[in-house]
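Note sheet for the following structure.
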Amino acid sequence: ALHYVYNTPFDQLIWDVGHQAYPHKILTGRRDKIGTIRQKGGLHPFPWRGESEYDVLSVGHSSTSISAGIGIAVAAEKEGKNRRTVCVIGDGAITAGMAFEAMNHAGDIRPDMLVILNDNEMSISENVGALNNHLAQLLSGKLYSSLREGGKKVFSGVPPIKELLKRTEEHIKGMVVPGTLFEELGFNYIGPVDGHDVLGLITTLKNMRDLKGPQFLHIMTKKGRGYEPAEKDPITFHAVPKFDPSS
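Read in order, the letters of the sequence shown are residues 253 to 499 in the working numbering.
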């Protein structure tokens, strides 16, 4: 969905860790070599700038994507070519201090960037379903965004009304959206949505692509989706050595 919606590698896609970037490697010209990961002369087990122009950042561990993304987004703004920046981070990596420091910074300087939380542990919210998927598309749409920004301008000179509108919006979103923390850090929070619903993701990503300021998309995924042994035992299959799939 990301490579479909965004013009990569012109638009810059930053993966936080290697494990979640394997499909990215397959889709960016390395499908025939994917079996050589972790072998001498083979592919790197994580994004590596020297390996592909699609790998924006060389990473070895976690929690660095948002910090790097801020710098890249600021540079893109100065470049003036409408280059977009997207950071993908997992629910484990986002708990690190570096990630929160970066989000706090982004909320302060407000670069145009999208942070995608790939939440596969059900650790933040279980509110996933038709209502939330529909709400995500609604809240990321141009009509809602236009009304939201227009209301801010109209009532900017009337503090009591502006504050009332802000609190009303927070209460409405808060009834079904668990993103208060990210909103407080200065992000426009959308989600959670089903990360395996590709068509739904495409719609939401297209809606969010042109939004200004720091954006946050919360997607829910399942570790090992489509491979039953991994679905049943995601911990063991988090990072496994070579094995015979038939066994």
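Think of the CB as a built atom: it goes at the ideal place given N, C-alpha and C, for glycine as much as any other residue.
DSSP state of residue i, grouped into three classes?
i: Asp-284; result: helix
i: Thr-456; result: helix
i: Phe-298; result: coil
i: Leu-309; result: coil
i: Leu-463; result: coil
i: His-276; result: helix
i: Phe-439; result: coil
i: Met-374; result: With a pLDDT of only 43 at Met-374, under 50, the local geometry of the prediction cannot be trusted, and no value is derived from it.
To the nearest angstrom, how far is the alpha carbon of residue i from that of residue j?
i: Arg-290; j: His-313; result: 15 Å
i: Ala-320; j: Ile-346; result: 14 Å
i: Asp-462; j: Leu-469; result: 14 Å
i: Leu-295; j: Ser-498; result: 24 Å
i: Gly-332; j: Glu-480; result: 47 Å
i: Asp-449; j: His-357; result: 31 Å
i: Thr-288; j: Phe-495; result: 13 Å
i: Gly-281; j: Arg-301; result: 14 Å
i: Asn-517; j: Phe-352; result: Limits of the chain in this structure are 253 at one end and 499 at the other, which puts residue 517 out of reach.
i: Glu-305; j: Ala-253; result: 19 Å
i: His-386; j: Lys-474; result: For His-386, the predicted structure reports a pLDDT of 49, less than 50, and the residue's modelled location is therefore unreliable. The matter cannot be settled from this model.
Who pairs with residue i in a beta bridge, going by DSSP?
i: Gly-289; result: Here the sequence assigns Ile to residue 289, which means Gly is not the residue at that position. According to DSSP, which records beta bridges pairwise, Ile-289 is partnered with nothing at all.
i: Thr-337; result: Gln-264
i: Ile-346; result: Bridge partners of Ile-346: none, in fact.
i: Val-367; result: Cys-339, Phe-468
i: Val-445; result: Ile-471
When we look at the beta-carbon of residue i and count the other beta-carbons within 10 Å, is it buried (16 or more) or exposed?
i: Val-380; result: Interpretation of Val-380 is limited by its pLDDT of 45, a score under 50 that renders its predicted location unreliable; no figure is taken from the coordinates.
i: Ile-361; result: exposed
i: Lys-276; result: Position check: residue 276 holds His in this sequence, whereas Lys was assumed. Buried: at least 16 other Cβ atoms inside 10 Å.
i: Glu-256; result: According to the sequence as given, residue 256 is Tyr; it is not Glu. Counting Cβ neighbours within 10 Å, Tyr-256 comes out exposed, since fewer than 16 surround it.
i: Leu-453; result: buried
i: Ala-328; result: buried
i: Phe-439; result: buried
i: Leu-451; result: exposed
i: Leu-309; result: buried
With a threshold of 9 Å between beta carbons, is residue i in contact with chain C?
i: Gly-281; result: Here there is only one protein chain, and chain C is not present.
>> Could you check whether the region 298-318 touches the region 268-278, counting it as contact only if at least three pairs of C-beta atoms, one from each stretch, sit closer than 8 Å?
In response: In the pairwise beta carbon analysis, the region 298-318 is classified as touching the region 268-278: at least three pairs are separated by under 8 Å.
> Hey, is the region 336-344 in contact with the region 358-369, meaning 3+ C-beta pairs nearer than 8 Å?
Replying inline: Yes: the two stretches touch, three or more of their Cβ pairs being nearer than 8 Å.
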